[in-house]
Ligand SMILES: Nc1nc2c(c(=O)[nH]1)N[C@H]1C(S)=C(S)[C@@H](COP(=O)(O)O)O[C@H]1N2
Ligand SMILES: [Mo]
């Protein structure tokens, strides 16, 4: 078979629709609208669409290209909207890759947050030490790609402050997170340092309940729900792309909202 000819059973329209949907999100409207053609995208990504594997590589390349565009467009000073406490969604929805009856139970007394990678101080943190950090709170909207959004109030310490205390190399590209339920994700350093990115220990003024991520959740109103890890057990600073639970299954890595 002539390897250079695309297999006709691949539906070019479907592939293009998915690729354009990847690019056509609100923050990127200006950039991509109607200007994208399948030919143009295959040139940009250096992929030929000759079989399923090359189509997968192509879509991954489009998504990674999209990560870079989101990275360029991310304004570290632009703030996500905040809301009045009267607008909090009650009850706030629970979501995870499993049901509410399987929420992990973390013992707070024994808990130690592991810190690794490109940081000067790798000592583990007890909850008491974390609670002694400067605390603030914010009421923001959490947006889940499964089609819901809700307003909630989270309290904790600015993540930039935590990174400063552990002596993180903030010229590194990524911060990765490992969770008690085997969930994992990672974020770009500019978002880690964003003023609204909080390492949170409370929800609605109470100690973070298990279902919302005890002992802590990284809350970023600039990112979609799946980028906000609950039940964080370990975090690390790295230049090696760490991926994530959903990201490795095709969700866009940058995941801006
Ligand atoms: N550890 C862990 N964190 C997670 C998830 C998960 O399954 N495990 N799901 C993510 C997704 S997709 C969403 S929408 C939010 C849900 O948070 P909530 O239960 O507080 O609404 O958690 C995110 N963080
Ligand atoms: Mo989600």
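Residue numbers (this note's numbering): -15 to 241.
C-beta: ideal position from N, C-alpha, C; glycine also.
These figures come from a predicted structure and were not determined experimentally.
Cβ pair count under 8 Å reaching 3, the stretch 167 to 181 against the stretch 202 to 211
The stretch 167 to 181 vs the stretch 202 to 211: in contact.
Buried or exposed, going by whether 16 or more other CB atoms sit within 10 Å of the CB of residue 61?
exposed
Just to confirm before moving on: does the CB-CB distance between residue 180 and residue 206 stay below 8 Å?
Taking C-beta atoms as the reference points, residue 180 and residue 206 count as a pair closer than 8 Å.
Limits of the unbroken alpha helix (DSSP H) element including residue 47
36 to 57
Between which residues of its own chain and residue 158 is the CB-CB distance below 8 Å, once the five residues before and five after are set aside?
170, 171, 172, 173, 221, 222, 223, 224, 225 and 226
Closer than 7 Å: is that where the CB of residue 130 sits relative to any heavy atom of ligand 2?
yes
Please state the DSSP three-state secondary structure of residue 176.
Helix.
Rounded to a whole number of angstroms, what is the C-alpha to C-alpha distance between residue 35 and residue 189?
53 Å
I think residue 194 touches residue 185, with their Cβ atoms under 8 Å apart; what is that distance to the nearest whole Å?
Going by Cβ atoms, the distance from residue 194 to residue 185 rounds to 13 Å, so no, they are not a contact pair.
Residue from 196, 228, 63 and 37 with nearest C-alpha to residue 85
196
Can we count residue 191 as close to ligand 1, meaning its CB is less than 7 Å from some heavy atom?
no
The stretch 39 to 49 in contact with the stretch 113 to 128 per 3-pair CB rule at 8 Å
Counting C-beta pairs with one atom in each stretch, the stretch 39 to 49 and the stretch 113 to 128 have fewer than three that are closer than 8 Å, which means they do not touch.
What does DSSP give as the partner residue(s) for residue 138 in the beta ladder?
122 and 187
Checking 8 Å against the spacing of the C-beta atoms, do residue 140 and residue 113 come in under that value?
no
Hey, out of 83, 109 and 57, whose CA is closest to residue 93's CA?
The residue with the shortest Cα to Cα distance from residue 93 is 109.
Drop a sphere of 10 angstroms on the beta-carbon of residue 82, count the other beta-carbons inside from all chains shown, and report buried for 16 or more, exposed for fewer.
exposed
Quick check: the Cα distance between residue 182 and residue 64, rounded to an integer number of angstroms?
13 Å
Residues near residue 31 in its chain [Cβ-Cβ closer than 7 Å; skip 5 each side]
38, 41, 42 and 45
For ligand 1, I want to know if residue 194 counts as a neighbour, meaning its beta carbon is within less than 7 Å of at least one of the ligand's heavy atoms.
The answer is no for residue 194.
For residue 33, does the three-state DSSP call read helix, strand or coil?
DSSP, reduced to helix, strand and coil, places residue 33 outside both helices and strands of the structure shown, so it counts as coil.
N-terminal and C-terminal residue of the beta strand (DSSP E) that residue 162 is part of
158 to 163
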